[in-house]
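First comes the structure, then the notes that go with it.
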Amino acid sequence: MIGNIKINLWFGIIGFAITFFASFGNNPWTTSLVRGCFGFALWFMLAFLLRFILGILASPAGAAKKPPSPAGTSGMPGTAEQTVQEDQDRGNRLDITSPDQDNELNNLLTPKPVDSGGQESFSPLDPPKLVSTKQQDPEELAKAVRHLTQK
4 MIGNIKINLW
14 FGIIGFAITF
24 FASFGNNPWT
34 TSLVRGCFGF
44 ALWFMLAFLL
54 RFILGILASP
64 AGAAKKPPSP
74 AGTSGMPGTA
84 EQTVQEDQDR
94 GNRLDITSPD
104 QDNELNNLLT
114 PKPVDSGGQE
124 SFSPLDPPKL
134 VSTKQQDPEE
144 LAKAVRHLTQ
154 K
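Every letter in the sequence shown is one number past the one before it in my numbering, and letter 106, counting from 1, is 109.
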């Protein structure tokens, strides 16, 4: 993170002042004080978020440059200093390459000839029609309804 806790405190004080004075005109001073404390806490946390984001944005620029090796080191691979430096640099860079898939993409996008010799032409779905049955006996209908409501 960039900066120190003083930045968070200043952001919190600014948030307290804005919230307190904005609510002071319409509320009692105790309500304004409570809302100001909530404003302080919220702005304090927002300052942490801002410092964290700025730290992430500033970090890759410094990680891309490797410091020159000191004159006293041999620069041999496997030295303790080099492994410590590699451990510190690990995870700071992302190198992604995708395989060449141009031919596969072109094959998917080009239309293929249609062999219509063995296939039938389109025929829409013809579902059976729902037909109402003849008028049933009211006693049978009542019996069916009673049977369904008992479960």
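Glycine residues also receive a C-beta, built at the ideal position from the N, C-alpha and C atoms.
Please read all numbers here as calculations on a predicted model, not as lab measurements.
**OP:** Name the residue from Ala83, Phe47, Val148, Thr33 whose alpha carbon lies nearest to the alpha carbon of glycine 15.
**Re:** Residue nearest to glycine 15 within the set Ala83, Phe47, Val148, Thr33 is Phe47 (criterion: CA-CA distance).
**OP:** Compute the distance between the beta-carbons of leucine 57 and isoleucine 5, then report whether it is under 8 angstroms.
**Re:** yes
**OP:** Could you check what DSSP says for proline 141 in three-state terms: helix, strand or coil?
**Re:** Here proline 141 sits in helix by DSSP.
Original post:
Under a Cβ-count criterion, where at least 16 other Cβ atoms within 10 Å of its own Cβ denotes burial, should leucine 144 be classed as buried or exposed?
Top reply: exposed
Original post:
Under 8 angstroms, do serine 35 and phenylalanine 41 count as touching if we go by C-beta distance?
Top reply: no
Subject >> threonine 22, enclosing alpha helix (DSSP H) - first and last residue >> reply: 8-27
**OP:** Look at the Cβ atom of asparagine 11, then the Cβ atom of alanine 50, and state whether they are nearer than 8 angstroms.
**Re:** yes
Original post:
Assuming phenylalanine 19 contacts phenylalanine 43 under a Cβ cut-off of 8 angstroms, what Cβ separation, rounded to an integer in Å, is found between them?
Top reply: 4 angstroms
**OP:** To the nearest angstrom, report how far apart leucine 97 and leucine 128 are at their CA atoms.
**Re:** 53 angstroms
Original post:
Where does isoleucine 56 fall in DSSP's three states?
Top reply: helix
Original post:
From tryptophan 32 to valine 87, what distance separates their C-alpha atoms?
Top reply: 57 angstroms
**OP:** Assign threonine 76 to one of two classes, buried (16 or more other C-beta atoms within 10 Å of its C-beta) or exposed (fewer than that).
**Re:** Note that threonine 76 scores 49 on pLDDT, short of 50, meaning its location in the model is unreliable and no value can be drawn from it.
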